[in-house]
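Asks:
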Amino acid sequence: MSRERAVVPDSLDGERVDVALARLFGISRSQAGALCHAGAVTIDGGGCNKARKLRSGEVLEADISEPEEETDYRTPAPLDIIYEDDDIVVVNKPVGMAAHTGPGWSGPTVIGALLAAGHRVSTSGPPERTGIVHRLDAATTGAMVVAKTEVAYARLKNDFRYRRVEKVYHALVQGYPDPSAGTIDAPIGREPVRDFKMGVVYGGKPALTHYSTLEVLPGATLLRVVLETGRTHQIRVHMQAIRHPIVGDPMYGGDPVLATRLGLSHQWLHARELSFSHPVTRQDVSVTAPYGEDLLASLHALRTTVA
430 MSRERAVVPD SLDGERVDVA LARLFGISRS QAGALCHAGA VTIDGGGCNK
480 ARKLRSGEVL EADISEPEEE TDYRTPAPLD IIYEDDDIVV VNKPVGMAAH
530 TGPGWSGPTV IGALLAAGHR VSTSGPPERT GIVHRLDAAT TGAMVVAKTE
580 VAYARLKNDF RYRRVEKVYH ALVQGYPDPS AGTIDAPIGR EPVRDFKMGV
630 VYGGKPALTH YSTLEVLPGA TLLRVVLETG RTHQIRVHMQ AIRHPIVGDP
680 MYGGDPVLAT RLGLSHQWLH ARELSFSHPV TRQDVSVTAP YGEDLLASLH
730 ALRTTVA
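Its first residue numbered 430, the sequence shown is counted upward by one per residue in my numbering.
Structure (structure tokens):
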């Protein structure tokens, strides 16, 4: 680790600390932010935060670790691109693919597949999840947008944070919800005993899920679901809460026998549509992700079931 020191030049007067650190010391903004958070940065000998605006003449010091060997996050894997331009790419994420790598995950990732195929991805964000502005579970399929430029990353992150992106899911649930359309308003948090699992819990974060019926099938219902909030496992938790768990989702009450009969190895949950304002042109963008073959096959099996 080395102690780096620099006097803030006139050209960086009024600039954020993390931006100045990146330019003065040749590190990434994410690394600069992490240093600030860890208390490894001082201004004129005092503490700071990454968003603090600098004044020319101030002395900026930082403890910077020696760079570690760069990790190659490319993971070649088939990936269906449903929309792409200079700033964003929207993929139809398949089952068994995570948005990005992380503890306990060694399988294919959206970012890895994009990089391996030569697509540009924004450098904003932690190294293993650059360009990621929202995520889908590995076992959830469908539309997912990734930022290719820094401007697109910043604006899309804000649009998702302030709920300016419409996300429409299709979910096949067990039984017949009554009413056939409605809103589930129930707080979600980690279960007290099994913290790996989410649930409707007292003191959880507010969560709103709107649903309507698309098709009634033998023993199951295909729903259109719109999220007003974006809690972890929100649709899965809320469907279990109204006693109509998602088909193929044993963690949240799904019947494994039914899933096996329909040939499903994962929950029947698909991010069908994404609608948002383009982060650069601000024109409306709306994309629809086709169902995967296993989802189509399970619907066909139900539609041809003899009552």
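Just so it is clear, CB atoms sit at the ideal spot from N, CA and C, and this is done for glycine as well.
Who are the near neighbours of S715 in its chain, counting only those whose CB is closer than 6 Å to its CB and skipping five residues on each side?
Replies: Position 286 of the sequence shown, counting from 1, holds the residue named residue 715. Counting only Cβ-Cβ distances below 6 Å, and skipping sequence neighbours, we find S704.
Asks: With burial defined as no fewer than 16 other Cβ atoms inside 10 Å of the residue's Cβ, what is the status of D447: buried or exposed?
Replies: By 1-based counting over the sequence shown, the position of residue 447 is 18. The residue is buried, with at least 16 neighbouring Cβ atoms inside 10 Å.
Asks: Is the distance from the Cβ of H699 to the Cβ of Y598 below 8 Å?
Replies: Counting from 1 along the sequence shown, the entry for residue 699 is found at position 270. Counting from 1 along the sequence shown, the entry for residue 598 is found at position 169. Cβ distance < 8 Å, so H699 and Y598 count as in contact.
Asks: Please name the residue or residues paired with D509 in a DSSP beta bridge.
Replies: Within the sequence shown, the letter at position 80 stands for residue 509. BP columns for D509 point to N521.
Asks: Can you name the start and end residues of the beta strand (DSSP E) that G541 belongs to?
Replies: The residue given as residue 541 occupies position 112 in the sequence shown. Taken as a continuous stretch (DSSP letters only), G541 belongs to no beta strand (DSSP E), being part of the alpha helix (DSSP H) at 539-545.
Asks: Quick one, which of N521, A568, I456 has its alpha-carbon nearest D678's?
Replies: In the sequence shown, residue 678 corresponds to position 249, counting from 1. For the residues N521, A568, I456, the minimum Cα distance to D678 belongs to A568.
Asks: I need the DSSP call for L693, collapsed to helix, strand or coil.
Replies: Locating residue 693 in the sequence shown gives position 264, counting from the first residue. Three-state DSSP puts L693 in coil, outside helix and strand.
Asks: For R503, which residues from the same chain have a beta carbon less than 6 Å from its beta carbon, with the 5 sequence-adjacent residues on both sides left out?
Replies: Here residue 503 is taken as the residue at index 74 of the sequence shown, counted from 1. Excluding positions up to five away in sequence, the list reads G541, L544, A545.
Asks: I'd like to know whether the C-beta atoms of S485 and D439 end up nearer to each other than 8 Å.
Replies: Position 56 of the sequence shown, counting from 1, holds the residue named residue 485. Position 10 of the sequence shown, counting from 1, holds the residue named residue 439. Their beta carbons are under 8 Å apart, which means S485 touches D439 by this criterion.
Asks: Is there contact here, the stretch 595-612 with the stretch 650-658, by at least three beta-carbon pairs under 8 Å?
Replies: They touch, by the three-pair rule.
Asks: What does DSSP give as the partner residues of H599 in its beta bridges?
Replies: Counting from one through the sequence shown, the residue named residue 599 turns up at place 170. Bridge partners of H599: R653, H699.
Asks: Excluding the 5 residues flanking P555 on each side, which residues of the same chain have their C-beta closer than 6 Å to its C-beta?
Replies: To locate residue 555, count along the sequence shown from 1; it is residue 126. Around P555: S459.
Asks: Just mark I510 as buried or exposed, buried being the case when its beta carbon has 16 or more other beta carbons within 10 Å.
Replies: Here residue 510 refers to the residue found at position 81 when the sequence shown is read from its first residue. With fewer than 16 other Cβ atoms within 10 Å, it is exposed.
Asks: R558: which of T570, K577, G571 sits nearest, CA to CA?
Replies: Locating residue 558 in the sequence shown gives position 129, where the first residue counts as 1. Among T570, K577, G571, the Cα nearest to that of R558 belongs to K577.
Asks: Reducing DSSP to helix, strand and coil, say where L724 ends up.
Replies: Position 295 of the sequence shown holds residue 724. In the structure shown, L724 sits in a helix (DSSP, three-state: H, G or I).
Asks: Whole-angstrom Cβ separation of H695 and G604, contact assumed at under 8 Å?
Replies: For the purposes of this step, residue 695 is taken as residue 266 along the sequence shown, with counting starting at 1. For the purposes of this step, residue 604 is taken as residue 175 along the sequence shown, with counting starting at 1. The Cβ separation is near 20 Å, so there is no contact.
Asks: Answer yes if the stretch 716-728 comes into contact with the stretch 603-622, meaning at least three C-beta pairs across the two stretches below 8 Å, and no otherwise.
Replies: The stretch 603-622, when compared against the stretch 716-728, does not touch it at the 8 Å Cβ threshold.
Asks: Counting along the chain, where does the alpha helix (DSSP H) carrying I664 start and finish?
Replies: Counted from its first residue, the sequence shown places residue 664 at position 235. First-last of the alpha helix (DSSP H) with I664: 663-670.
Asks: According to DSSP, T570 sits in a beta bridge with which residue or residues?
Replies: Mapped onto the sequence shown, residue 570 falls at position 141. Answer is H699, bridged to T570.
Asks: Between the beta-carbon of L565 and the beta-carbon of K634, is there less than 8 Å?
Replies: In the sequence shown, residue 565 corresponds to position 136, counting from 1. In the sequence shown, residue 634 corresponds to position 205, counting from 1. Result no, Cβ atoms of L565 and K634 do not sit closer than 8 Å.
Asks: Kindly give me the distance between the Cβ atoms of V574 and V524, rounded to whole angstroms, as I take these residues to be in contact under 8 Å.
Replies: Reading the sequence shown from its first residue, position 145 is the one you call residue 574. Reading the sequence shown from its first residue, position 95 is the one you call residue 524. Actually they do not touch by this definition, with Cβ atoms about 18 Å apart.
Asks: Quick one: residues in its chain with C-beta nearer than 6 Å to the C-beta of R711, no 5 flanking neighbours on either side, listed in chain order?
Replies: Here residue 711 refers to the residue found at position 282 when the sequence shown is read from its first residue. Nothing meets the Cβ criterion.
Asks: Quick test of your reading: D473 and R432, contact by CB under 8 Å. State the CB separation rounded to the nearest angstrom.
Replies: Here the question's residue 473 lines up with position 44 in the sequence shown. Here the question's residue 432 lines up with position 3 in the sequence shown. With a Cβ gap of about 15 Å, D473 and R432 do not count as contacting.
Asks: Please report the residue range of the alpha helix (DSSP H) in which D447 lies.
Replies: Position 18 of the sequence shown, counting from 1, holds the residue named residue 447. Note, D447: alpha helix (DSSP H), 446-454.
Asks: Which same chain residues, not among the five before or five after R549, have their C-beta less than 6 Å away from its C-beta?
Replies: Counting from 1 along the sequence shown, the entry for residue 549 is found at position 120. Cβ neighbours of R549 beyond the five flanking positions: K577.
Asks: Does DSSP put M410 in a helix, a strand or coil?
Replies: There is no way to answer for residue 410, as the model of the chain reaches only from 430 to 736.
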